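Accompanying notes for the structure given below.
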Amino acid sequence: MLELLLALPFLMAAWVLLARNVSRRTTAWLAGVAPLAGLAILIALTPAVLGGEVPQVSHPWIEPLGLAFSLRLDGLAWMFASMVLAIGALVVMYARYYLDAREDAPKFFAYLLLFMGAMLGMVLAGNLLLLAVFWELTSISSFLLIGYWSHDREAREGARMALTITGAGGLALLGGVILIGQVVGSYELDAVFAAREAIQAAPTYPAILALVLAGIFTKSAQFPFHFWLPHAMAAPTPVSAYLHSATMVKAGVFLLARLHPALAGTEMFFYVVTSVGAATLLVGAWNAIFQHDLKGLLAYSTISHLGLITLLFGLSTPLAVVAGLFHILNHATFKASLFMAAGIIDHETGTRDMRRLGNLRGLLPTTSALAIIATLAMAGIPLLNGFLSKEMFFAQALEVPSDTMRIVVTVAAFLAGILGVAYSLRFVHDTFFGDGPRAVEREVHEPPLFMRAPVGILVVVCLAVGIAPAWTIAPALEAAARGVLGPDLPEYSLALWHGINLPLLMSLGGIVGGVVLYFGLRRLFNVHAIARRAFGRHLFRINTRAVLGVARRFTFRVTNGSLQRSLWWVVVAVVALGLVPAVPGLLASVEAGAGQPMPPIGWALCVLLLAATATTVALHRQRLVALIVVGAVGLGVSVVFVFLSAPDLALTQLLVEMVTVALMLLALNYLPQESLKSNTRARRWRDAAIALVAGTGIGGLAYAVMTRPADTVAGELLARSLPEGYGSNVVNVILVDFRGFDTLGEITVFGIAGLVVHALLRRARIAATEVMPGEPDRLPMPANLSHLLFPFALAVSAYLFLRGHNQPGGGFIAGLVLAIPLLLQYVLLGSRYVESRMGFDYTRWIGIGLIVALLTGVAPMLLFGLPFLTSGHAEPRLPLIGEVPLASAMGFDIGVYLVVFGGAMLILSMMGTVKPPKARKKRVVTLPSGAEAS
Amino acid sequence: MLQALSPHLPVLPILLPLLFGAVALMFERRGIGLQRAIGWTGMLALLLAVGALLAQADTGAITFYLLGDWPARLGIALVADRLSAGLVATTTLLAVACLLYACAGWDRRARHFHGLFQLQLAGLNGAFLTGDLFNLFVFFEVMLIASYGLLLSGGRGARMRAGLHYVVFNITASTLFLVALGLLYGLLGSLNMAEMGARVAVLSPDDAALVRAASGLLLVVFCAKAALLPLYLWLPNAYARAPAAVAALFAIMTKVGVYSVLRVYTLVFGDGPGELAGWAWPWLFWTGLLTLLLATLGALAASTLRMLVAYLVIASAATLFIAFALSTPATVGAGLYYLVHSTFVTAGLFLVMDLIRGQRGRAGDALDYAGPLRRNAPLGALFGIGAVSVAGLPPLSGFIGKALLLDAVPDGYRMWVWGTVLLTSLLTLVALARTGSQVFWRAEPWPADVRPPSPPLRAQWAGAGLLLAYGIGLTLWGAPVVRYAQAAAQQVLEPAAYMQAARERTPQIREPSP
Amino acid sequence: MNRLLPSPPLSVAVFVLWLLLVGDFSPGQLALAAVMALLLPLLAGLLQPERAHFGRTRTILVLSRRVLWDMLLSNIEVARRILGPERALTPGFIWVPLDLQNIHGITALASIITLTPGTLSAELTEDRRHLLVHAFNLKDADATVAEIKARYEAPLKEIFP
Amino acid sequence: MTDIAVLVALHVVGLAMLMSLWRLLRGPTVPDRILGLDTLYVNTIAALILFGMYLRSSVFFEAALVIAMLGFVGTVMLSKYVLRRDIVE
Amino acid sequence: MELALALVIGALTAAGVYLLLRSRSFDMILGLTLLSYATNLLIFSAGRLVVGKPPVLKPGVETVLANYTDPLPQALVLTAIVIAFAMTAVTIVVAMRSRADNGDDHVDAGGEGMP
Amino acid sequence: MSPVLDIALTALLAIGSFFVLVGSLGLVKLSDFLKRLHGPTKATTLGVGCILVASIGYHAWLGDGLALGLREILITVFLFITAPISAHLMARAALALAPDQRPTLPDGETPEAPAVPEPGEGSAGGDGDGRG
Ligand code: NA
Ligand code: NA
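Residue numbers (this note's numbering), protein chains in the order written: chain A, 11 to 944; chain X, 169 to 682; chain Y, 2 to 162; chain H, 99 to 187; chain S, 5 to 119; chain D, 2 to 133.
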């Protein structure tokens with residue numbers, strides 16, 4: 011039942027959205043189904059609730075978090091749910107006529123229903139976390155509703171303001187709720203109520219209170235967070251009527267009531283809530299007087315009334331709680347009707363500015379009458395519901411135990427009474443009496459009956475409650491109070507007449523004072539002339555702009571899109587995280603370390619490397635030269651590998667070096683020949699300094715590692731290489747067997763590199779930095795000699811491949827030994843010629859190579875159930891030839907061979923065949939004297 | 169066949185995409201239809217394999233797969249525990265949506281798309297599954313180089329420059345990775361993470377300083393990939409300029425860095441008895457907080473839609489660092505849930521932003537001014553869902569993740585974490601509200617004399633919708649995911665079980681190591 | 002000389018090369034060498050711009066001996082020059098008119114000129130009728146040209162008619 | 099004696115390498131540098147062979163072979179670059 | 005010997021880092037090349053320096069670590085070399101394209117920026 | 002090792018390393034590129050050849066087998082094939098940078114000259130000592 015109650019608005023919202031093509035009336039009806047059916051359900055449940063039962067359901071949701079889908083309909087929830095649904099139904103009815111024909115009604119109603127659902131969920135939630143969920147959902151859906159007229163800047167800004175403030179509060183509330191959960195061990199309301207002592211004794215209680223109250227105060231627009239509410243008035247009036255009288259702002263005070271049993275009763279609670287309530291009460295009321303916008307006045311008045319309610323809950327006495335609950339209901343009824351009336355006025359006159367309105371009582375007689383009655387209720391005039399709760403408020407104010415607070419609260423209450431009468435008077439006087447309306451574009455007449463009906467219904471409620479509270483509202487109030495205070499309710503009387511007592515005198519004094527104040531103020535200075543100062547919005551704007559400015563400036567300062575800066579930070583991080591902590595270890599190793607002696611030839615090599623490295627840096631701006639010098643570094647590194655027992659490495663390094671030079675030269679054709687000096691001297695020094703630090707650190711670490719005794723798994727690799735890996739070149743066995751998976755990844759990388767280059771250059775047209783005049787050089791003699799070399803190179807490639815498992819070599823090396831001579835053919839004969847003679851689809855070679863490698867690895871899986879890449883070995887006897895040793899790893903190596911050859915050739919051939927741009931003219935190069943084009 | 173393959177489950181998420189990637193390359197000249205068929209067949213096969221793997225891991229078993237039947241310390245072992253299986257599953261689910269989106273036409277424009285896509289998946293899955301540190305490097309490279317291709321194929325202009333940054337930065341990081349690996353091998357004598365962890369626990373003090381240095385370098389590498397302060401500067405531009413489907417897939421790439429930190433700094437430099445135990449966590453915690461703050465400011469300052477999402481990606485990675493750095497089962501569990509959520513949602517937002525871009529005509533990506541927009545209600549809804557989710561607002565998955573994290577923060581850190589997380593949530597909310605307002609509310613009606621853009625294709629809707637639907641799924645059926653994440657966290661914080669599983673796993677036909 | 006065996010000397014060379022490489026004359030390796038000898042020239046032939054036609058192959062031996070000997074002798078000369086004072090050197094260019102028209106012959110000639118110290122072939126004109134040679138120590142240009150033509154070009158004309 | 103000769107020769111070759119390096123680093127023209135690098139490669143072959151003799155091992159044969167066969171490729175490409183800029187036309 | 009190699013590694017690293025921090029694409033590529041030499045030597049040196057004992061098993065020589073150098077770092081370096089080459093190729097092409105598309109080989113759009 | 006072989010190998014090594022050194026010395030000492038080109042391309046090649054012969058003898062004597070030793074001939078063969086290519090191309094490159102050094106054809110024809118612009122400061126030209 012409760013599930014259905016809650017689901018209805020959401021379901022109907024979806025329905026409304028999906029049935030976009032139906033008439034507006036149908037849409038409204040569909041939308042109306044939710045609150046009406048909901049009310050029906052609620053009515054069905056009412057006897058039980060009034061009888062003291064608490065219908066509950068609970069479904070597990072995110073159990074590890076303690077978040078359960080628990081719904082719980084106690085008196086408080088029942089009261090709020092009724093209010094949400096009843097006023098919701100009236101608002102739907104009102105909105106159907108309010109909305110312009112051009113407006114997107116389905117969207118409006120869907121948002122409204124979404125909000126209604128969120129609100130319902132919040133009041134029904136039996137789990138605090140769930141409550142927080144729906145709480146934020148109300149913020150989100152109200153954002154959509156306030157910004158519904160999105161073409162209007164005010165609306166957009168108001169919506170964002172509301173979302174920011176209430177969203178912030180929601181996040182704080184979430185924190186508070188989690189803290190409560192940590193104290194209680196559960197988020198279920200019953201458990202939370204039961205743990206009242208624990209919560210209030212917990213060290214986190216102040217934090218809980220701060221966070222929860224932050225949520226409450228923002229949502230119910232308490233000072234100093236109140237300023238969002240007037241700006242939310244940019245919303246369509248039905249929205250204001252709903253959100254800002256009965257629902258959204260009431261969510262805050264609802265929560266105050268909801269958590270009252272758990273949080274209230276401490277001094278901290280009393281002082282904080284009471285003072286904030288009192289401040290809000292006065293600030294709202296004072297500001298309301300000076301609003302020119304009808305809805306602005308109502309909004310500030312709402313703030314003031316919410317302050318009043320908050321204050322009551324702050325007082326925390328049972329009677330204050332009852333008064334608070336009572337005022338919630340009363341305020342909802344008169345304020346909703348006032349908003350709707352304001353909407354009608356706006357709708358009919360085209361303005362809500364009281365400076366242009368006036369004398370409407372003749373033009374809109376019914377509306378005027380209704381609005382005046384509702385205003386009187388707001389002012390707390392006897393026979394209307396507002397009077398009753400105000401009276402109770404005064405009574406409670408006078409009974410505050412603490413002396414100072416009693417005086418403060420009483421004075422505040424009295425002042426608020428005066429101010430309330432004053433702004434009510436202004437509302438009535440400036441709108442319905444006096445001169446006017448001025449500069450109104452439309453002809454003013456009464457709106458359709460169904461637009462007035464909701465106002466009427468609400469005003470009737472105001473009257474009924476005001477005149478006969480015991481017959482109308484008492485049971486509901488009692489049930490709600492029981493939801494907050496538990497079964498033992500205090501003695502209270504809802505009678506109209508309690509005899510002449512201090513509260514009554516205060517009321518009367520307030521009324522008189524208000525009248526005097528209003529007319530006095532008008533005499534003193536022209537209320538109309540007072541500029542509306544949106545101080546809150548101004549502050550918000552300044553803050554938003556400041557935050558945005560800080561964010562922009564900061565982000566731009568940090569990430570200005572400079573690669574250099576990114577890399578600089580990497581180096582800094584390396585020094586900080588990697589090199590600095592190494593210092594003690596380095597010092598120790600320098601003390602202890604004694605390396606092996608080195609022959610002079612070794613020092614020669616060292617000098618070669620150091621000199622070439624230094625020269626690379628010194629000459630790096632002359633790119634071709636730097637490239638040649640780097641070649642010497644590469645050669646030096648290969649020689650180091652040779653001397654230090656790594657023939658495979660030396661081979662690979664040499665071959666890769668050659669291909670890299672080719673690559674760089676190909677690229678250099680499309681890059682400037684020289685680097686411009688673009689760094690300041692200071693920056694060069696800074697970079698040099700950090701480079702030196704990094705170099706020293708890494709060199710030091712290498713030294714420390716080298717001079718330390720080793721303890722590795724290598725011995726086992728050596729021992730098992732021949733018997734189990736069937737190869738005596740252990741490095742190759744590691745590559746194709748022990749760590750064949752690495753190699754698989756490696757050739758994948760290699761192949762992908764080919765694909766990337768292909769993808770980037772295939773259609774690219776790039777202008778060379780310099781184009782030599784004349785036909786391409788034919789170099790017949792070198793071509794001829796290199797051609798002689800080609801079959802030999804093929805043979806060497808095959809040799810290196812076949813021997814690789816036992817001697818230096820292997821698929822990778824062999825693949826490059828095949829690719830480099832072919833590259834040479836490209837260089838000497840031109841790419842068109844080579845490709846016309848050997849039309850290779852290198853992409854395909856990569857694919858085939860990968861598949862071969864994979865299949866070699868997969869075969870033992872499928873055939874023997876052994877893991878991927880498990881190697882096998884066989885020595886089949888062939889006639890004439892004898893035993894041929896075959897390791898399955900060689901199949902894997904074939905894959906390597908193919909991918910490497912295909913990848914290298916794809917890269918190089920693509921780079922060699924870049925086309926110049928189509929339309930642009932080739933750059934003509936002036937020839938040096940004495941030379942001619944051939 | 170299936171029965172025969174079941175012992176090989178840990179290797180299948182790598183092999184299948186490799187195989188289908190290679191096949192796609194082989195038949196590249198046969199047209200896009202065949203390419204798509206190959207891509208989707210591969211995807212389907214991967215889904216099945218990953219599903220089975222997930223089920224296996226969910227039993228709590230830590231499965232070691234000895235490649236080449238070599239003992240783990242000699243060869244390379246793949247390890248499927250809850251953490252890696254979960255991440256592989258996340259990757260796969262993400263990939264389905266990305267592929268769907270790309271099949272709306274990007275795959276036609278970008279050369280080798282299907283091949284590269286599959287190979288990228290192989291790289292990602294490999295990185296998550298390997299138990300060997302050098303092999304992790306190799307798969308990082310596979311993943312990265314494929315990402316270069318995906319990022320740059322079919323691109324030009326500013327994307328090239330962003331690509332250059334991305335490539336150079338990552339190569340620098342990879343070089344550093346190698347340096348760290350070299351040092352670690354020299355000091356510890358092994359590359360298998362379990363073995364390394366065992367050796368770290370018994371280091372002499374002199375060696376400890378050196379190992380600490382090497383692990384510091386490694387941390388820099390992972391943080392650079394994961395885009396942690398001050399190493400995230402490369403990310404926003406690269407991601408913001410990537411084609412949508414690719415940017416969406418990239419949402420998991422930063423998570424690889426985060427994952428690596430979690431894995432390596434729990435297993436190798438974790439809470440063992442050694443003196444390096446957990447040295448990295450305080451660093452990560454504070455930089456994580458700062459990164460979260462700065463990334464959120466970046467989101468607030470973003471001048472384009474995709475830049476905004478790029479910053480949100482950084483923010484989500486930072487949140488993960490905070491969660492992991494606290495290194496309690498509860499925080500890590502919360503982090504893992506958040507990881508899954510943020511991957512899907514940021515990816516989804518990339519796609520949504522791309523859809524929006526397509527409907528804005530010349531205004532495109534720009535957030536600085538409100539261009540015209542071809543009205544599209546579902547688009548707004550998708551944006552809304554994504555925004556609510558990524559800001560951590562109820563009721564979607566981001567909220568659950570954040571609530572789990574806030575709930576789990578230990579006492580001493582509560583103020584810092586709560587303050588930062590809540591504040592950044594709010595700022596994110598502000599940024600997104602501003603964005604939505606700018607794009608949808610301030611939009612001018614489509615000018616009559618300009619031909620309106622065509623509405624998004626069905627595959628595009630499906631891709632973006634699927635990702636956001638994952639998020640909703642994580643919300644509605646979040647409990648099992650949270651439970652899985654918490655169990656995974658428990659498992660990953662107890663390296664002893666991992667090491668024991670490593671010891672117990674022996675080769676089938678070979679002698680185990682002494 | 003047919004399609005399957007485009008260049009027998011090349012095949013022989015590959016055969017020998019393979020056996021030298023593996024340093025093993027077992028039947029298996031012989032067979033493999035044969036396969037290579039047949040296969041690789043075919044593959045390489047795909048790229049060959051101009052086929053080689055051999056004339057008197059016996060002259061190769063004579064020429065080789067001559068070249069090796071010249072290399073040895075004149076290397077000593079060059080070494081002396083390098084070690085001695087540089088002032089004594091009179092380097093210079095000469096154009097060697099070519100009678101050879103076969104590109105393989107020209108290539109061989111150029112290589113020989115380069116390998117024998119003191120001279121270096123620097124350029125071949127487009128029409129293949131002149132070879133630019135740089136001499137380390139040029140005393141008499143005409144004599145040098147005549148010597149090159151007599152000692153090397155003449156036998157090469159026999160080998161590559 | 100041979101062993102000593104090998105060692106001496108190794109060092110002589112080392113000296114030659116440094117001389118080639120000097121030309122490579124000093125220039126002044128690009129062809130000079132190319133020549134320096136080319137000579138460095140050829141010197142390396144000698145060094146490799148001598149080192150193999152010194153260690154009585156033939157595992158460095160492959161490296162020497164590859165340099166002899168392909169070491170000139172760099173020279174060719176660099177020269178072609180100087181000549182034409184576009185090394186693959 | 006160790007000192008000399010450490011010196012070389014340090015110098016290569018310093019030079020590489022310095023060039024990497026320049027702002028032109030080609031300079032950075034040179035820097036990366038030097039860095040990758042440094043890295044390869046460093047990984048290689050992690051197997052300790054051994055002269056004349058290549059890990060190619062010889063018949064009759066006992067297969068223990070005393071007779072051969074550690075083969076594993078060599079295999080790692082091989083993989084590293086290959087991957088570095090692949091990455092260099094991609095970087096070069098991206099640099100070419102970036103220059104062609106953006107008209108400048110400066111790696112940043114807005115010129116240099118100081119952190 | 003027999004004294005004869007010992008002396009022969011030593012001599013070969015001495016000659017070989019001498020020529021290698023001479024080649025490099027020429028490279029350092031001589032003033033003009035084309036002069037420098039002569040040293041390394043020939044002396045060094047010959048020197049390496051001598052050392053290779055010594056190596057073949059040495060390994061044969063040590064018992065590695067003549068068959069394995071002989072393959073080092075291949076290195077010499079490849080060197081002899083490739084050295085002229087390098088030298089030729091380097092000479093062409095140098096001439097292209099200094100076209101005025103190149104003589105005209107004797108019979109008055111203008112030979113074709115590869116025209117090369119100054120490729121920028123230092124990148125290919127340099128100041129060129131001597132007549133360079
Ligand atoms: Na294997
Ligand atoms: Na070209």
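Glycine included, every Cβ here is placed at the ideal spot set by N, Cα and C. All figures in this text were calculated on a predicted structure; none of them were measured in a lab.
Of all C-beta pairs linking the segment 50-62 of chain S to the segment 26-36 of chain S, fewer than three are shorter than 8 Å, placing the two stretches out of contact. In the same chain as K687/A, and ignoring 5 residues on each side of it, the C-beta atoms closer than 8 Å to its own belong to R631, in chain order.
Not a single CB atom of chain A sits nearer than 7 Å to the CB of W629/X.
Taken through DSSP and simplified to helix, strand or coil, S122/Y comes out as strand. K925/A sits in a strand when the DSSP states are folded into three classes. Taken atom to atom, the span from the alpha-carbon of V286/A to that of F233/A is near 6 Å. At a cut-off of 7 Å between C-beta atoms, T115/Y counts as an interface residue with respect to chain D. Take the alpha-carbon of A109/Y and the one of V97/S: they are about 39 Å apart.
Along the segment 340-351 of chain X, going in chain order, the ones with a CB nearer than 9 Å to a CB of chain A are T340, A341, L344, V347, A348, G350, L351. No Cβ-Cβ contact shorter than 7 Å links R562/A with A534/X. Nearest neighbour of V111/S by Cα position, chosen from Y334/X, A248/X, R276/X, turns out to be Y334/X. For the 7 Å CB-CB criterion, V104/H and M151/H form a contact. Excluding the 5 residues flanking it on each side, I483/A has same chain C-beta neighbours closer than 6 Å at V475, in chain order. The Cβ atoms of V21/S and A621/A do not sit closer than 7 Å to each other.
R198/X is the residue among R198/X, G354/X, M364/X, I640/X whose C-alpha sits nearest the C-alpha of H282/X.
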